[in-house]
Each structure stands twice: as structure tokens, then as C-alpha cells.
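All remarks here apply to the structure that follows.
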């Protein structure tokens, strides 16, 4: 029976999940289990494994899929518990890591954290790797690309781009590298020396460098190129640039080249360059069997010979004609005559070398590449168990011994198997207990077939994280023959069945072809070669540890797929980000927001400043356009109350009839320069605050806060509510209006807010400080009025009792700010966010009044006694104007005291939320510095590109309304804007800018609606 759990938006890198799968696969009751991210490629793997359930089919790329095959449903609980423990342990290890590195989540922050970075180490899923290589190059970084599955077309394009910029792209599928003695990815620890290597083979580099280390030598660099660099399309771009760099690198005295046979024209170009440099060279084109050396370029047949020639050159000794013992290394075993040699390798190049030597010795016709087989002839077989066919959906055999143990058992049972070859590759990134696991498998196999022979090689040094000498002892104690190199191991295997290799002497012959000037190396490349690497580690966090340990510096980029892994959206983001004027346009909008000069100038009847209300049965509402029938109960209740307040109906029944019969017209507050809290219902004779933004001279309006309890904004419409609205219109409003007119130009709102934000307000859920600052400013003015003392007392008492009174002032202020900025119709800045209980709507600077909506979410948080989440109404209100201009949830850190009230935790949570919100904004507003945030200004200017790219949506601090009209506020909490609004806006913007055609935009918009 299959059981599925989908963990939404729970990204983990593939290596972690493969290790996790390995960890839980042996749990009791587990028939089969797989944990992977919900990408299309991973779903194919699930399908092939018989694990693709309907739930898994629906998973998104950022969702973690856990599918269990078990006969007992309760096993899933144990699997989930083990999964949580495993991932929590990774988190704890990361938190406890005592390094100087600081984690970031985007390129901008990475560059800020490490401004002098010169290398990006990229280990992300292959489908995203090309984009990240592009990003690295755009940030003037060399790229070491561990990721595979990058198209040849992309590799060629990226390497040409790198060459033009004077940078190196090492990879893709580059598993090993050493830069200035700092190990990168799956690499061994090798001492410093005077040999510089360039290799199109990961385990080839490892074999050569570890032999050099054990012979007493050392390396300056071991630069990986990726296996396709010497193909015709790529043309050895990285190889040749690296060779030129080593030629200009004084500490490198000997250059070594490692590659499988390249295309002929490419080989000729590389060899010509090797002869052009003024340093001795050793080169191996694995698969070729050279019979001579050429000038100062010495040609090796095996990886061991490569290392030994390099050592002699490094020690200024003459190169020997032959590096192979004349006699067999091992006596033949008569009982093995006619038996077959089997190679079970984790290292692809080691398998290739083994297949080559066995084929040459037994005349088997050469190596192949067929479903993981490197050699398959006359019963002799060499398998590369690191081939994609064996690693899809499971860890590489260097970190998981299971596939090798399965194959050992399989071949040991075959009567014609005489010798089994194994490798154990040590170093960073590989399994610490591999030798122990292989030794146990060898011992078990020999117990069943004592005549069988195991011959092993260990690729490693005494400085590797694993114990090289202990690994040798473990395998030898289990009965295996342990050799010093792979070439020796293969020769011993052949000797055991009565065969041997044939290695003739090689003489040096002159090189008669033309040479050419060695290309100059860029400053960027020389900086990489002459200094310790300064690394932005994009992906697997474990890769950063050896960088820091061996003298490099680095920052961890906790990578996740941008745009939720949506390939269409990723392409769209790249096109939009490439627009050369967008930053300038956004800066223009930001300047208008920062330079806003809002003043509270008056309090008047809404109909006197909003013509659409004058003499009409028209109501304003919060959010994007909505009909009465679509409204939730609290908003409908507000409509009933407004109809009764205006006297259009004599009772509730008549008011409902008018509304249901569509006798009342509706407009959005935002369409008439207004905003309103919660339901946002505003009518002709309700009093509104008037804010004038003196930057552009525009006005904005908002109804005043009614206090708490039974209030219209939450849908109450009792006589108490109507009476309060009448008092506010007839007493409160005229009093405040008269007081404000005593000031020349009104009351400066920026000044009040700048004070209050230092006192713990964020201006959405907490306004008590600002309300008191306002009262401090207005009370003396009220006292000075020539009106009844009773009126003065009532007004001042109401203001003193209404902690949230300033919310309406801030809302109108925010509206005045965005409306001034909206006069410039360019850029990708969010200029409106609002909710109507059905939809969440946004507008952006470039597209004026066009709405982009998606279903609204329901707030979550803390509830008053007697209420729970079940009582919560879907989010509504224009008060998200606060977050639009950088307050509320965007400035949670300003009001850490409110985080508990809104259910968001404590100070650290507030800090985390604000830091996260800063990732989706374009800058800070210096007018409002926050003491608890190191006096940084509020994060302002939400950018739709950043929102879609990161998947981070604005968080809104909000009161929670009961879903039953008239009950009122039942709690307070937070709610996230739906991502789809921003995605739709980005699609429309791209179409507006001519980046996509209308049909493509329509198709993408349809997909977003369906999603």
C-alpha cells in the first residue's frame, strides 16, 4: 500500500534527501520509500519506481514528496518522525557550525556579505544550474559547477561568455577541484607543491593528486573542466584558459592534463598550446596508448604513470622510458584460469581506466558506454556504478554502499567470476564508513566462495577526513588485495587469471608542428590562481566546510529554485531583469514614496470631497471590485449599516432588499482616492480624514476609527453603531476640523510617525504611541476652541480611549503616498495591496489602475476567549496600504511587543519576518528609522519581480473579523498575500513591455488561475 505526504514549500537539496532516503529505507515495516522534491524529473523517477501517487503528481517543485510503500499505515508516522529528526539534525549542525560564514538566500546579499568573492561553487539541480552559472558570471565570478544535466548548448554558451569576461566555468558535472590547496566538492586533501593540473575527469584528478601526495609531492591547483569541455561544440574553452593561466602562474612549474580522448581538432589545439608554454607538461588522453613523448610534452597511458612523470618533472629528474615493473605484480592462481574479471566502480574515470587496460590485455575490442557498462565482453564486465542509470533517485555509490554491495553479492554468486575489482574513494563528500561496508561485503562473499579474489584500490591521502591507512587495513583484513593505484589493481587482477599488460618503453621525439603565443590571462583568472578562493557556495552546505578549513573564505547561499521552480516564470524573470531602464524607473517611484510630505488638513463629510458619493445611492468598499452578493457577511453587514445611517431605508429588512435588488451602487475606495478599514464601507455623510501629500498636491481620504466593540467596519449595524457614526460626523469631525484649521497647512504626519515608530508602533496592529502623539498635538488645539466644554471633553476622551485612532490617519497617509507615486506609469513597484474578503488585489506602478487578484487567505493568529480559527472571516480591508508603504507586517521589528498578540512569536520572529520582507523590497525609507533594527529605515518598495523570484509574499498584520456580521473582532494575527497576484502582475508587465506576446501572456495567466 502506498502512503503519501507532501510537505509544501519545504525545499531541501537533493543530496540531503538522498541521504535521508537511505537513512529511512531500512526502518522496520518499510518496503520501499523515496523522498524527493516535486520536480517533473523526480516524478519520472517516482513513476519508474512505482511510487507516483496522485498526491505526488500534484506536488510543486518546492514541495517535498514522501511516498512510502508499506503494509502498515502507522509506519508513515515513524517515517515522518525520522524525517523531521534527520532534517532537524541538519539544521542544528548548521546553527552550531562555528565558522565565520553567514547564510544568505540571494545573489545580492551574497555579494554584500562577501564583496571580494571570486568563485561560485554551484551544486543545484541541473535544470536550474545554467541560470545560476549565468548569475555567477554576471556577478564577475568564476564558477565551479558540481551540478550536472546542463545541456551542451548551455555549456557552450556559458563557457564562451566566461571566456569573453576573463572567467572560468569549471564544469558542469565537475565533482573535484583544488584551488590554491583548498579542496572543492568531492576532493582529497593534498599538500602544496609545484604541479598544476587541469582535468576533464573528477576521479582522474583524485587518483593523480593522491598518488602525487603519497609520493611526497604536492599541487598548486587541480582545475576541473567537466567531461564535455574537449568536445567539438565546446572546443576546450576551459581547458585552454586554465592551461594559459597555469603557464602564467609562477608557483606552477609542471603542468598536467587529464582527459578522455578529445575530438581530433580539439586535441590538436590543446597539444599545440601545451607545446607553446615554457613549462614541462605531462598529459594523459585516457584511452589512447602513446608509444612516445613529444618535445616537452610527456604522454602517459595510465593515471599512475601521469602522477609519476609529474613527480619526476617536479623534482627536475629525467623522465623514465617506462614506469611499469617488467614482471607481473602477482602470481597467477591456477584455479582462476579462464575466469572473468569484474569491475564494480564508484569512480567513472577509474572504471574507464580499468576497462581500457583489461580490454587491451585480453584483446576485447575497446571500451564501451552502454547502460553503465564500460566493458562487457566475453564475460568480463566493468561497471561505472556512478552512471546516471544507477544514481537516479538514489545516492551516488561514493556516499551509499548499497548498490555496490548488491552487485558484489550478484557477481560473487556467478561461478565464472574470478576477480572482482573495487575502488574506495576517500575525501570530502564521500562516506566515512565506506571501507567498513565494503570489507564486510567482501568477507561475506569470501565465506561463500573462498577461491574468489577481490582486488581494491583506495583513492586518498593520510590527511583526508577518513583514515587512509585504516581503510587499507580493513579491506586487507577482510581478505582483499589492496593496491597503491587503480592501474596496479587492474594489473594484479589480470595477473591472477594468468594475464598481464604490455607497456613498451617510450622515447622522446621532437615536436615538429608550429607553436603560438600563449594567450594572456585576465586579472580575474590570475586572482583566482594567486589567492585562496573567496567562495559563494550555492547549494550543498557541506561543500563550504573544507573551503573554510583550508584557508578560503566563503558565504553559504541557501539556494531554492526561484519562482517556485516554474520554468516559464523563471524565463520571464530573466527577461524582465534584463530591462536596462527598470532600475531607474523603480528608483523614480521610490523617490516619490520617500519624498512624500503628508499633512492631516481636515475632517469632512465624504460626499464633500468624493463627487461619486454626492447625491447618489453609492457606497464605497474595501478591496478590488466586488458585488454585494459576493461579499462576506461582515462586509454585507457594513453595507446594511451604511444604508441605515444614510436614511435610505427605515429598517434592516428594507436595507437588505435594496442591496439584494442592486438598488445601491458600489465603488472601490481606491478608485476615488480613498481607503477604508476592514469592510471599508463609506457613504456620503460619513466623516473622512483628509491627508494632503504636498509633494504632488494630491489628497487622500479615510473614515475615522470607531473604537472597539460593535463597529461598522466589522459588520455591526445596531442603533448603537448608527448613533456613534452620527456623533462622529456631527461632533467629532467638526471639532477636529476646527482644531486642524488653527494650524498653517495642517499637521505633519511624517513627524508624528517618525516619533511613534521609535516608541514601538508599526502602524497597523499597534498605533497606541502614534495615537497619543496625535492627541498631544491636537488636544491643545481642541482646548483652545470656542465650543462647549462638554464637547471638548467628549472628543478628547474618545481620542484617548481609541488606541487605534491613528490607523486611519496612517491609511490615508499611505494612500496619499502611493497615489502620488502612481502618477509615474513605469516600473515594477507595488502601489496598492488590498482585500475584500474574497480576493486579494494589487496594482503596480507601470500598469496604473489595472487590478491583479487572487483568492484571499484567512488570517491566523491569537483569538479572544470563546473564539477560534473556525470563527475567522477571510481577510479584508484597505489597511494593507500600511504594508504597501513599508509599515505593518513589513516593519514587524519596530513593534516586537505586537508579535505575540498577532501570533507571530517573539522578538527573534519579528526580526526574522522584517529581514525576510526586506528581501522583496527595493530599499529603505530613511524617514522612519527603527531602533530595534540598528536604526535602519523601514523596508519599502515591494517589487513584484523579487516577490515572484523568491516566493516570499508580503505579510500583513491584521485584526481578525468574525465571519458573522456584527460580532466584531475575534482576534488578531497575520496573513500572507497570495503569490498569484504578483505572478499575474509580472506576466502583464512582461506583455506590456513587449517581452511576451498576448497569447503567451493569456496562456500563463490561465495556468495561474487554474493553479
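In this note's numbering, the protein residues as written are 1065 to 2075. The beta-carbon is built from N, C-alpha and C at its ideal position, and this holds for glycine as well.
Contact annotation: the region 1749-1760 touches the region 1655-1672, with at least three C-beta pairs closer than 8 Å. A contact between stretches requires three or more CB pairs, one per stretch, nearer than 8 Å, and the region 1804-1823 fails this requirement with the region 1935-1946. Nearest Cα to residue 1364 within the set 1385, 1379, 1378, 1381: 1385. If you look at residue 1358, you'll find it in the beta strand (DSSP E) that goes 1356-1358. Residue pairing of residue 1684 in beta bridges, as defined by DSSP: 1731, 1746. Annotated three-state conformation of residue 1812 is strand, per DSSP. For residue 1469, the enclosing alpha helix (DSSP H) has its first and last residue at 1466-1476. Taking all protein chains in view, the Cβ of residue 1779 is crowded by 16 or more other Cβ atoms within 10 Å, so the residue is classified as buried. Collapsing the DSSP output to three states places residue 1303 in a helix. Judged by DSSP secondary structure, residue 1098 falls within the beta strand (DSSP E) whose first and last residues are 1096-1101.
Assignment of beta-bridge partners to residue 1704 by DSSP yields no partner. The beta-carbon distance between residue 1266 and residue 1240, rounded to whole angstroms, is 4 Å. This is short enough to meet the 8 Å contact definition.
For secondary structure counted as the alpha helix (DSSP H) over 4 or more consecutive residues, the region 1892-1965 holds these complete runs in sequence order: 1945-1948, 1960-1965.
If you draw a straight line from the Cα of residue 1801 to the Cα of residue 1074, it comes to about 53 Å. Annotation: the continuous beta strand (DSSP E) that includes residue 1517 extends over 1517-1523.
Looking at 1232, 1188, 1228, 1226, the one whose alpha-carbon comes closest to that of residue 1214 is 1188.
Residue 1225 sits close to residue 1201, with the two beta carbons spaced by under 8 Å. Assigned with DSSP and collapsed to three states, residue 1844 falls in helix.
Scanning the region 1536-1588 from its first residue to its last, the whole beta strand (DSSP E) runs of 3-plus residues come out as 1545-1547, 1571-1573.
Comparing alpha-carbon positions, the option among 1662, 1562, 1442 lying closest to residue 1396 turns out to be 1562.
Scanning its chain for C-beta atoms nearer than 8 Å, with the 5 sequence neighbours on each side dropped, one finds around residue 1637 the residues 1626, 1627, 2009, 2012, 2013, 2050, in chain order.
Note on the region 1158-1239: whole beta strand (DSSP E) runs with a minimum of 3 residues are 1183-1187, 1206-1209, in chain order. In this model, residue 1728 and residue 1101 are separated by some 51 Å (Cα to Cα). Put simply, the backbone Cα of residue 1819 is about 22 Å away from that of residue 1846. The criterion of a C-beta distance shorter than 8 Å is satisfied by residue 1684 and residue 1744. For residue 1631, the enclosing alpha helix (DSSP H) starts and ends at 1631-1641. With fewer than 16 other Cβ atoms inside 10 Å of its own Cβ, residue 1297 counts as exposed.
According to the DSSP secondary-structure assignment, residue 1766 is paired through a beta bridge with 1739, 1753. In terms of Cβ geometry, residue 1599 and residue 1544 do not form a close pair [threshold 8 Å]. For residue 1267, the secondary structure class from DSSP, reduced to helix, strand or coil, is helix. A distance of 8 Å or more separates the beta carbons of residue 1336 and residue 1317.
Residue 1688 sits away from residue 2027, with the two beta carbons spaced by 8 Å or more. CA-CA distance, residue 1264 to residue 1412, rounds to 12 Å.
Sequence-distant partners of residue 1843 (beyond 5 residues in either direction) whose C-beta falls short of 7 Å from its own C-beta, in its chain, are 1860. By the Cβ rule, the region 1863-1877 counts as touching the region 1816-1831, because three or more pairs are nearer than 8 Å. Look at residue 1620 here: in three-state DSSP terms it is strand.
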